[in-house]
Amino acid sequence: MNFFILSLIKTGIVALALLTTLAYLQWIERKVLAHIQLRPGPYRVGPHGLLQPLADVIKLVTKEGLLPPQAHTFAYLLAPILAVSISLIAIVVIPFGPQVTIFGVTTNLGLTDLNIGVLFVLAMSSLGVYGVALGGWASNSKYPLIGALRSSAQMISYELPLAMAIVAPLLIMNTLNFRDITIAQGGYWLGFIPKWNVFAGPFPQIFSFIIFLIAAFAETNRVPFDLPEAESELVGGFHTEYSSMGFASFFMAEYANIVTVCCVGTVLFLGGWQPLWPAAYGSDLAPVAIHFGAAAMFFYHGVNASKTRMWDRFSFPVLGVVFLALGGLFLVPVLKPIMVPVFWFLAKALFLVFVFVWIRGTLPRFRYDQLMRFAWTFLFPVAVVNLLVTSFLVAVMSK
Amino acid sequence: MQGLLFLTFAAIAVICAINLVLQTHPISSALSLIGVMGSLAVLYLLLGGEFIAAVQLIVYAGAIMVLFIFVIMLLNAGAEKRPTRKVLATWISLPLLFTFVALAAVLIGSQVPRTEAVTFGGFAGGTTLSVGRALFTQYLLPFEITSILILIAILGAVVLARKEI
Amino acid sequence: MDIPLSLPAAVPLSWFLILSAILFMLGVAGFLLRRNIITVFMSIELMLNAVNLTFVTFSYRLQKVDGHIYSFFVMVVAAAEAAVGLAIILTVFKNRSTLEIDEVNSMKL
Numbered sequence: 001m002n003f004f005i006l007s008l009i010k011t012g013i014v015a016l017a018l019l020t021t022l023a024y025l026q027w028i029e030r031k032v033l034a035h036i037q038l039r040p041g042p043y044r045v046g047p048h049g050l051l052q053p054l055a056d057v058i059k060l061v062t063k064e065g066l067l068p069p070q071a072h073t074f075a076y077l078l079a080p081i082l083a084v085s086i087s088l089i090a091i092v093v094i095p096f097g098p099q100v101t102i103f104g105v106t107t108n109l110g111l112t113d114l115n116i117g118v119l120f121v122l123a124m125s126s127l128g129v130y131g132v133a134l135g136g137w138a139s140n141s142k143y144p145l146i147g148a149l150r151s152s153a154q155m156i157s158y159e160l161p162l163a164m165a166i167v168a169p170l171l172i173m174n175t176l177n178f179r180d181i182t183i184a185q186g187g188y189w190l191g192f193i194p195k196w197n198v199f200a201g202p203f204p205q206i207f208s209f210i211i212f213l214i215a216a217f218a219e220t221n222r223v224p225f226d227l228p229e230a231e232s233e234l235v236g237g238f239h240t241e242y243s244s245m246g247f248a249s250f251f252m253a254e255y256a257n258i259v260t261v262c263c264v265g266t267v268l269f270l271g272g273w274q275p276l277w278p279a280a281y282g283s284d285l286a287p288v289a290i291h292f293g294a295a296a297m298f299f300y301h302g303v304n305a306s307k308t309r310m311w312d313r314f315s316f317p318v319l320g321v322v323f324l325a326l327g328g329l330f331l332v333p334v335l336k337p338i339m340v341p342v343f344w345f346l347a348k349a350l351f352l353v354f355v356f357v358w359i360r361g362t363l364p365r366f367r368y369d370q371l372m373r374f375a376w377t378f379l380f381p382v383a384v385v386n387l388l389v390t391s392f393l394v395a396v397m398s399k
Numbered sequence: 400m401q402g403l404l405f406l407t408f409a410a411i412a413v414i415c416a417i418n419l420v421l422q423t424h425p426i427s428s429a430l431s432l433i434g435v436m437g438s439l440a441v442l443y444l445l446l447g448g449e450f451i452a453a454v455q456l457i458v459y460a461g462a463i464m465v466l467f468i469f470v471i472m473l474l475n476a477g478a479e480k481r482p483t484r485k486v487l488a489t490w491i492s493l494p495l496l497f498t499f500v501a502l503a504a505v506l507i508g509s510q511v512p513r514t515e516a517v518t519f520g521g522f523a524g525g526t527t528l529s530v531g532r533a534l535f536t537q538y539l540l541p542f543e544i545t546s547i548l549i550l551i552a553i554l555g556a557v558v559l560a561r562k563e564i
Numbered sequence: 565m566d567i568p569l570s571l572p573a574a575v576p577l578s579w580f581l582i583l584s585a586i587l588f589m590l591g592v593a594g595f596l597l598r599r600n601i602i603t604v605f606m607s608i609e610l611m612l613n614a615v616n617l618t619f620v621t622f623s624y625r626l627q628k629v630d631g632h633i634y635s636f637f638v639m640v641v642a643a644a645e646a647a648v649g650l651a652i653i654l655t656v657f658k659n660r661s662t663l664e665i666d667e668v669n670s671m672k673l
């Protein structure tokens with residue numbers, strides 16, 4: 001098929017999936033945070049709050065979009081556009097699955113196959129500072145300005161340990177292409193330990209992974225590094241003066257950054273779409289088992305519905321049947337080569353997203369000077385030492 | 400397709416550069432310069448310089464221009480007032496510059512014939528591998544000296560921007 | 565040099581060099597005609613970018629990677645120069661409270 005048509009179709013699918021994921025990421029975050037804090041979370045809008053993101057989208061879109069009279073208009077309007085487009089575009093280099101053949105069309109499951117994929121992601125994270133800095137400055141008001149300066153200084157400071165932590169496994173992989181990195185992490189030692197970079201020799205990249213995660217928290221302005229946008233400190237930080245679509249854009253940009261950073265971490269450290277144990281031992285049945293287990297749970301809770309929610313007797317079995325069908329889809333031989341790798345990739349990436357939300361619910365936040373001191377006096381030297389040890393071992397072992 | 404890409408991004412680069420010279424507020428000039436750098440990155444990709452394109456975005460557009468924008472925000476000097484430069488300067492300098500550009504164009508056109516063309520993929524030696532190999536074997540001394548230069552620049556910037564006590 | 569009547573499939577090399585010349589001249593114009601010191605500095609960066617384009621173009625023409633290396637060093641030196649230059653601008657602003665180069669015209673504070 002024509003390359004352009006194919007790319008357009010893939011882009012449409014990925015864009016749709018990504019935007020839906022961004023909306024429901026907010027639902028996941030609110031639910032997980034709520035259950036950590038022993039409360040139900042969004043519950044009323046749709047079953048178990050599942051339509052809450054839709055309600056939020058409708059609310060944000062129909063709100064009045066303000067243009068403060070003291071704001072520098074061009075930068076004020078440009079900042080959210082810049083923030084959301086740069087954070088969304090970084091997903092194009094991530095591979096979701098191997099090369100598959102659907103209806104006679106052979107294609108890679110992933111939007112592009114750049115030879116400088118890692119550098120592209122680093123470039124987009126460097127450019128992501130502009131949305132924050134311009135948004136805060138253009139609002140021409142003290143809380144956004146302080147929030148923007150702090151946030152952009154934090155993002156720039158943590159780009160360095162992030163880059164060092166990304167470079168360390170690249171010394172072992174010898175390529176900047178995300179697809180080649182994922183393919184090189186296939187295979188198993190002793191028949192069952194996956195050859196992911198976290199376990200790989202000559203130096204297991206577990207330290208790089210931890211440094212990457214910490215730097216990723218700071219890059220995306222998440223707890224424990226979210227002082228620049230904490231409500232109790234700076235009202236809203238750099239997005240105080242924004243409302244309606246501007247605020248929605250910054251919100252989407254933050255979640256898109258989280259998704260991007262988790263996908264990059266999955267590909268670089270956790271093996272991308274490679275399954276956890278070999279297919280010979282039945283790892284192809286893991287998604288089926290999970291879906292059937294979810295269906296069984298729905299059936300059980302549908303039969304034993306609580307008194308206050310008697311409509312669960314009807315809705316839950318329907319959902320159970322839906323999950324049975326989804327699990328069955330993983331067994332269809334035509335769809336299996338596509339769905340199983342994408343399942344493993346999504347499982348790992350969503351696990352990292354869950355770690356992000358989990359830490360948000362658990363840890364208090366750093367003060368700003370503690371944050372900067374941590375970056376420059378601890379994390380950056382540790383990342384450099386990690387890089388030196390890795391490169392020394394790679395040079396010695398490759399003799 | 401490549402001609403369309405080149406013309407689009409060359410036009411964006413020239414328009415942003417003219418905007419940089421004409422805008423009164425430094426922030427607008429800085430944003431125009433970022434636009435120039437972005438379109439130049441695409442042109443580097445067309446010339447087969449994939450590593451240089453990525454480094455342009457990371458270093459130039461992502462670090463140096465952020466430094467510029469920080470300083471402009473910090474100083475907060477605002478837009479330039481009505482320029483009182485001599486009308487004579489504008490009326491002589493602009494035609495002179497146009498003449499220089501035209502002369503340069505004619506000279507370049509005569510030296511580099513139109514048959515020499517750039518196709519995407521015509522130069523495969525701009526990969527990270529070849530740049531890295533050349534950087535660490537043939538150009539090792541300039542590389543090390545440049546790292547010392549950056550260290551000197553860091554020390555100088557820290558000393559200069561310190562608060563006077 | 566004739567004006568092309570249709571979009572070329574392969575872009576002539578001289579067009580890259582002419583674009584570089586245009587950007588360089590615009591940088592010179594900004595450097596000479598602007599009065600805000602930061603805009604003058606940005607015009608210098610524009611000139612450096614134009615030179616980078618020339619280096620990469622000739623690297624394509626000679627089919628060697630050396631032009632990319634020179635371009636890389638130009639970028640690194642531009643970064644160092646931007647850091648020190650902006651620190652100097654900050655100091656000048658602190659002492660004279662102005663960013664116009666016409667008013668920084670005597671050594672006496």
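Residue numbers (the numbering used here), protein chains in the order written: chain A, 1 to 399; chain G, 400 to 564; chain D, 565 to 673. Just so it is clear, CB atoms sit at the ideal spot from N, CA and C, and this is done for glycine as well. Nothing here was measured: the structure is a model prediction, and the numbers come from that model.
Beta-carbon proximity of residue i to residue j, cut-off 7 Å
{"i": "VAL420 of chain G", "j": "LEU596 of chain D", "result": "no"}
{"i": "LEU268 of chain A", "j": "ALA295 of chain A", "result": "no"}
{"i": "LEU626 of chain D", "j": "ALA416 of chain G", "result": "no"}
{"i": "THR220 of chain A", "j": "VAL261 of chain A", "result": "yes"}
{"i": "GLN274 of chain A", "j": "GLN185 of chain A", "result": "yes"}
{"i": "LEU134 of chain A", "j": "SER243 of chain A", "result": "no"}
{"i": "LEU577 of chain D", "j": "ILE507 of chain G", "result": "no"}
{"i": "GLY117 of chain A", "j": "LEU170 of chain A", "result": "no"}
{"i": "ALA476 of chain G", "j": "ALA647 of chain D", "result": "no"}
{"i": "GLY520 of chain G", "j": "GLU449 of chain G", "result": "no"}
Chain G contact residues for residue i, given Cβ-Cβ distances below 8 Å
{"i": "ASN115 of chain A", "result": "GLU449, THR526, THR527"}
{"i": "VAL129 of chain A", "result": "GLY461, VAL465"}
Separation of residue j from residue i, as counted between CA atoms
{"i": "MET372 of chain A", "j": "VAL332 of chain A", "result": "52 Å"}
{"i": "ASN386 of chain A", "j": "GLY327 of chain A", "result": "42 Å"}
{"i": "VAL435 of chain G", "j": "SER623 of chain D", "result": "21 Å"}
{"i": "ALA409 of chain G", "j": "ALA552 of chain G", "result": "33 Å"}
{"i": "LEU145 of chain A", "j": "PHE238 of chain A", "result": "7 Å"}
{"i": "GLY272 of chain A", "j": "ALA504 of chain G", "result": "50 Å"}
{"i": "ILE13 of chain A", "j": "LEU22 of chain A", "result": "14 Å"}
{"i": "LEU569 of chain D", "j": "VAL413 of chain G", "result": "Summary for LEU569 of chain D: the model assigns pLDDT 48, below 50, so the residue's position carries little reliability; its value from the coordinates is reported in the next sentence. If you take the alpha carbons of LEU569 of chain D and VAL413 of chain G, they lie about 21 Å apart."}
{"i": "MET245 of chain A", "j": "PHE497 of chain G", "result": "44 Å"}
{"i": "VAL382 of chain A", "j": "ALA642 of chain D", "result": "28 Å"}
{"i": "ILE564 of chain G", "j": "GLN370 of chain A", "result": "With a pLDDT of only 48 at ILE564 of chain G, under the threshold of 50, the placement of this residue in the model should not be trusted, and no figure is reported."}
{"i": "GLY131 of chain A", "j": "TYR76 of chain A", "result": "10 Å"}
{"i": "PHE103 of chain A", "j": "THR20 of chain A", "result": "26 Å"}
{"i": "VAL198 of chain A", "j": "TYR281 of chain A", "result": "22 Å"}
{"i": "GLU515 of chain G", "j": "PHE3 of chain A", "result": "28 Å"}
Environment of residue i [buried if 16+ CB atoms lie within 10 Å]
{"i": "TYR634 of chain D", "result": "buried"}
{"i": "ILE567 of chain D", "result": "Bear in mind that a pLDDT of 49 at ILE567 of chain D, under 50, signals an unreliable position, so the number given afterwards is only what the model happens to contain. Classification of ILE567 of chain D: exposed, given that the 10 Å Cβ count is below 16."}
{"i": "ALA523 of chain G", "result": "exposed"}
{"i": "LYS348 of chain A", "result": "buried"}
{"i": "ALA395 of chain A", "result": "exposed"}
{"i": "MET565 of chain D", "result": "At MET565 of chain D, the pLDDT of 43 sits below 50, so the modelled position is not reliable; the number obtained from the coordinates is stated separately. MET565 of chain D should be labelled exposed."}
Closer than 8 Å at the beta carbon, the chain D residues around residue i
{"i": "VAL470 of chain G", "result": "ILE602, LEU650, ILE653, LEU654"}
Under 9 Å from the C-beta of residue i: neighbouring residues of chain D
{"i": "PRO494 of chain G", "result": "Ordered by position in chain D, no residue passes the 9 Å Cβ test against PRO494 of chain G, which lies about 11 Å from the chain."}
{"i": "THR518 of chain G", "result": "ALA573, ALA574, VAL575"}
Interface partners of residue i on chain A, CB under 8 Å
{"i": "ILE411 of chain G", "result": "Correct list: empty, because the minimum Cβ distance to chain A is about 15 Å."}
Neighbouring residues, chain A, relative to residue i (Cβ below 7 Å)
{"i": "SER428 of chain G", "result": "Neighbours of SER428 of chain G on chain A: none; closest Cβ ~12 Å, over 7 Å."}
Under 9 Å by beta carbon: chain G residues contacting residue i
{"i": "SER126 of chain A", "result": "LEU456, ILE457, VAL458, ALA460, GLY461, ALA462, VAL465"}
{"i": "PHE120 of chain A", "result": "ALA453, LEU456"}
Contact set between residue i and chain D, taken where Cβ atoms lie within less than 7 Å
{"i": "ILE491 of chain G", "result": "In chain order: nothing, as chain D lies at least about 11 Å away."}
{"i": "GLY434 of chain G", "result": "Ordered by position in chain D, no residue passes the 7 Å Cβ test against GLY434 of chain G, which lies about 11 Å from the chain."}
Contact set between residue i and chain G, taken where Cβ atoms lie within less than 7 Å
{"i": "TRP137 of chain A", "result": "MET472"}
{"i": "ILE211 of chain A", "result": "Going along chain G, no residue has its Cβ under 7 Å from ILE211 of chain A, so there is no contact; the nearest lies around 19 Å."}
{"i": "LEU176 of chain A", "result": "THR527"}
{"i": "LEU633 of chain D", "result": "It is worth fixing the name first, because residue 633 of chain D is Ile in this sequence and not Leu. Those are VAL530, ALA533, LEU534, TYR538, listed as they occur along chain G."}
Under 7 Å by beta carbon: chain E residues contacting residue i
{"i": "PHE74 of chain A", "result": "Structure shown: chain E not included; protein chains present are A, G and D."}
Task: Segments of 4+ residues assigned as alpha helix (DSSP H) that fall wholly inside the region 428 to 509 of chain G - done: If we require 4 residues or more, the alpha helix (DSSP H) runs fully inside the region 428 to 509 of chain G come out as 449 to 454, 464 to 474.
- [ ] Enumerate, from N- to C-terminal direction, the unbroken beta strand (DSSP E) stretches of 3 or more residues contained entirely within the region 126 to 210 of chain A.
- [x] DSSP assignment within the region 126 to 210 of chain A yields no whole beta strand (DSSP E) run of 3 residues or more.
Task: Contained alpha helix (DSSP H) runs [length at least 4] in the region 341 to 392 of chain A, N- to C-terminal order - done: Entirely contained in the region 341 to 392 of chain A, the alpha helix (DSSP H) runs reaching 4 residues are, in chain order, 368 to 373.
TODO: Would you mind listing the alpha helix (DSSP H) stretches within the region 23 to 86 of chain A that are 4+ residues and don't spill past its ends, in chain order?
DONE: Every alpha helix (DSSP H) of 4 residues or more that sits fully in the region 23 to 86 of chain A is shown, in chain order, as 52 to 62.
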